[in-house]
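To start, the structure under review is shown below, and the notes come after it.
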Amino acid sequence: MSSGAELTSQEYITHHLANLKVGDGFMAVHLDSLGWSIFMGLVFLTIFRSVAKKATSGVPGKLQCAIEMIVGFVDDSVKSTFHGKNDLIAPLALTIFVWILLMNSMDWVPVDLLPHLIHWVTGMPLGDIYMKPVPTADPNITFGLALGVFILIIYYSIKVKGVGGFMKELTTQPFGHWSLYPVNFILETVTMLARPLSLALRLFGNLYAGELIFLLIATIGVFQLPVHFLWAAFHLLVIPLQAFIFMMLTIVYLSLAHEDH
Amino acid sequence: MDINMTLVGQLIAFVVFVIFCMKYVWPPIIGAIEDRQATIADGLAASDRAAKDLELAQEKATAQLKEAKVQAASIVDAAKKHEAKIVEETAGKAQVEKERILAAGHAEIETERNRAKEELRAQVAVLAIAGAEKILERSIDAAAHSDILDKLVAEL
């Protein structure tokens, strides 16, 4: 907490939770969240593409081994849950898993490191520097991902079952009587909407809470170091787990969308 | 919560990244993995086959060895029988030969003895005459006394 003794803890935390923003209202863009998100996506694609270009079915190199472990893990997860034929789901799951893992891992970057680096390089006063580096602690990012998954759920539901089949699925269950079809429709619509909402909010909630606790720890002075270490170590569990859950639920939802009743 | 265009930006990035991953990242890597898995599976199957072949070959070799031993034993048996037969035949022949030679020897001895007897007889006659001449101090007319001599010779 070196951004100035004149700041109270509350001001310090509020400052750190504010995004670097251009534009106003709905047209605003969080440059830090979106920037780090795209940066992490590019890191993922650059590494994986460089391996894919040189991929050999003979004796693999060490990097190829590591990448193949991740790809094999995702492939196994997809094959154990999704039994149809779809060339999109496995790469989609891989992208979600690795990208979210990398975005979540920004949580390990000490909360004051980036603002101070920017201060050191550009000379801007710390109070003017807004930098919230964990993209998945920004609901825009998690809802963006969940919205993409939701669109795919709707797309495959209609593609596999047809518009009629999809509407039938929404209206004829759980209650079989025609008079209850409107109730069914409301229930099923809520279920449908709950899927992307829970996906996005789970990821956002976990990472936002993690970030908030890091900020709280940063306000306690000298003793923050061991506590910070413990909380970071705990995130060894949280970060991959949240990435895995997002990936797994995406696979499950898409496999449900493919199921024809 | 502050929802704004960041969401749209993230959605676009998501779509682009997934499409890139689907086109250029996933297929080569999973292809390499599956190719290698196939190669390894083939290798394992081949080694299994080779092990089975080896087992079969060993069984075959053992069987052949056993057969060869049986054959060798039978050949040895046959050879022994043959040998015994040859020995027997040879012994028989030798016996026959021995008997023939003995018989011939006996016959020869008999002939020789007879001849010697004849000779002796003749010589005895001559000796007898010579002895008689000495005793009588006179010549005996061999022709006149040939009957006596013949009698004498016959008595020998």
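Residue numbers (the working numbering), protein chains in the order written: chain A, 1 to 261; chain B, 1001 to 1156. Glycine included, every Cβ here is placed at the ideal spot set by N, Cα and C.
### Runs of alpha helix (DSSP H) wholly within the region 1002-1056 of chain B (minimum 4 residues, chain order)
With a minimum length of 4 residues, the continuous alpha helix (DSSP H) runs that stay inside the region 1002-1056 of chain B are 1005-1020.
### Range covered by the alpha helix (DSSP H) that runs through Pro182(A)
181-218
### Message
Going by DSSP, what residue range makes up the alpha helix (DSSP H) through Asp107(A)?
### Response
From DSSP, Asp107(A) is part of no alpha helix (DSSP H); its letter is neither H nor E.
### Message
Using only CA atoms, which one of Ile245(A), Asp260(A), Leu207(A) lies nearest to Asn104(A)?
### Response
Of the candidates Ile245(A), Asp260(A), Leu207(A), the one whose C-alpha sits nearest the C-alpha of Asn104(A) is Leu207(A).
### Task
Kindly list, in the order they appear in chain D, the residues whose Cβ is closer than 7 angstroms to that of Leu1011(B).
The chain labelled as chain D is not found among the protein chains of the depicted structure, namely A and B.
### Task
For Lys328(A), name the three-state secondary structure that DSSP assigns.
Here chain A comprises residues numbered 1 to 261, so residue 328(A) is not present and cannot be evaluated.
#### Entry: Proximity of Gln242(A) and Leu203(A) at Cβ, strictly below 8 angstroms
Yes, Cβ-Cβ distance for Gln242(A) and Leu203(A) is below 8 angstroms.
#### Entry: Nearest-angstrom Cβ-Cβ length linking Phe1014(B) and Gly144(A), presumed shorter than 8 angstroms
6 angstroms
### Query
Looking only at C-alpha atoms, which of Val222(A), Leu197(A), Pro196(A), Phe234(A) sits nearest to Ile213(A)?
Phe234(A)
### Message
Against Trp178(A), what residues of chain B qualify as contacts under a CB-to-CB distance less than 8 angstroms, listed in chain order?
### Response
None at all; the shortest Cβ gap to chain B is about 38 angstroms.
### Task
Determine the burial state of His83(A): buried for a count of at least 16 other Cβ atoms within 10 Å of its Cβ, exposed for fewer.
exposed
### Task
In the DSSP assignment, find the alpha helix (DSSP H) that holds Asn140(A) and state where it starts and stops.
Asn140(A) -> alpha helix (DSSP H) spans 139-171.
### Query
Rounded to a whole number of angstroms, what is the C-alpha to C-alpha distance between Phe276(A) and Leu42(A)?
The structure shown has nothing for residue 276(A), since chain A only spans 1 to 261.
### Short CB-CB distance (under 8 angstroms) between Leu34(A) and chain B
yes
#### Entry: Cβ of Ile1040(B) within 8 angstroms of any chain A Cβ
Ile1040(B) has a beta carbon lying at 8 angstroms or more from every beta carbon in chain A.
#### Entry: Inter-residue spacing [alpha-carbon to alpha-carbon] between Leu45(A) and Ile96(A)
12 angstroms
#### Entry: Residues that Thr95(A) contacts on chain B, provided the C-beta gap is smaller than 7 angstroms
Residues of chain B passing the Cβ test: Phe1017, Val1018, Cys1021.
### Query
Is there at least one Cβ from chain B nearer than 8 angstroms to Leu254(A)'s Cβ?
Taking CB atoms only, Leu254(A) has no neighbour in chain B less than 8 angstroms away.
### Task
Give the residues from the region 67-87 of chain A that approach chain B closer than 8 angstroms (Cβ to any Cβ), ordered along the chain.
Correct list: Ile67, Glu68, Val71, Gly72, Asp75, Asp87.
### Message
Just to confirm before moving on: does the CB-CB distance between Ile67(A) and Phe39(A) stay below 8 angstroms?
### Response
No, Cβ-Cβ distance for Ile67(A) and Phe39(A) is not below 8 angstroms.
### Message
Contact defined as beta carbons within less than 8 angstroms: I believe Phe275(A) pairs with Ile100(A). What is the distance between those atoms, to the nearest angstrom?
### Response
Residue 275(A) is absent from the structure shown; chain A starts at 1 and stops at 261.
### Query
Are the C-beta atoms of Phe39(A) and some chain B residue less than 8 angstroms apart?
no
#### Entry: Rounded straight-line distance, which links the Cα of Gly1009(B) to that of Asp112(A)
26 angstroms
### Message
Counting only Cβ pairs nearer than 9 angstroms, list the residues of chain B close to Leu45(A).
### Response
Phe1017, Phe1020, Cys1021, Tyr1024, Val1025
### Query
CA-CA distance, Val71(A) and Leu17(A)?
If I take the Cα positions, the gap works out to 34 angstroms.
### Query
Taking Cβ positions only, does Asp1053(B) come closer than 8 angstroms to chain A?
no
### Which of helix, strand or coil DSSP assigns to His119(A)
Shown here, His119(A) sits in a helix according to DSSP, grouped into three states.
### Query
In the DSSP assignment, what residue or residues form a beta bridge with His30(A)?
Lys21(A)
### Query
In chain B, what lies closer than 7 angstroms to Ser57(A) by C-beta?
Ala1032, Asp1035, Arg1036, Thr1039
### Query
chain B partners of Arg49(A), CB-CB under 7 angstroms?
Tyr1024, Val1025
### Task
Show which residues of chain B have a CB atom less than 9 angstroms away from the CB atom of Phe263(A).
The shown model of chain A, from 1 to 261, leaves out residue 263(A), and the question about it has no answer.
### Query
Taking Cβ-Cβ distances shorter than 8 angstroms, what residues in chain B pair up with Asp138(A)?
Residues of chain B passing the Cβ test: Thr1006.
### Query
Taking buried to mean at least 16 other C-beta atoms within 10 Å of its own C-beta, is Tyr253(A) buried or exposed?
buried
### Message
As an exercise, report each continuous alpha helix (DSSP H) stretch of at least 4 residues that is fully enclosed by the region 1069-1147 of chain B, in chain order.
### Response
none
### Message
Would Ile141(A) pass as an interface residue toward chain B - the criterion being a Cβ-Cβ separation below 8 angstroms?
### Response
yes
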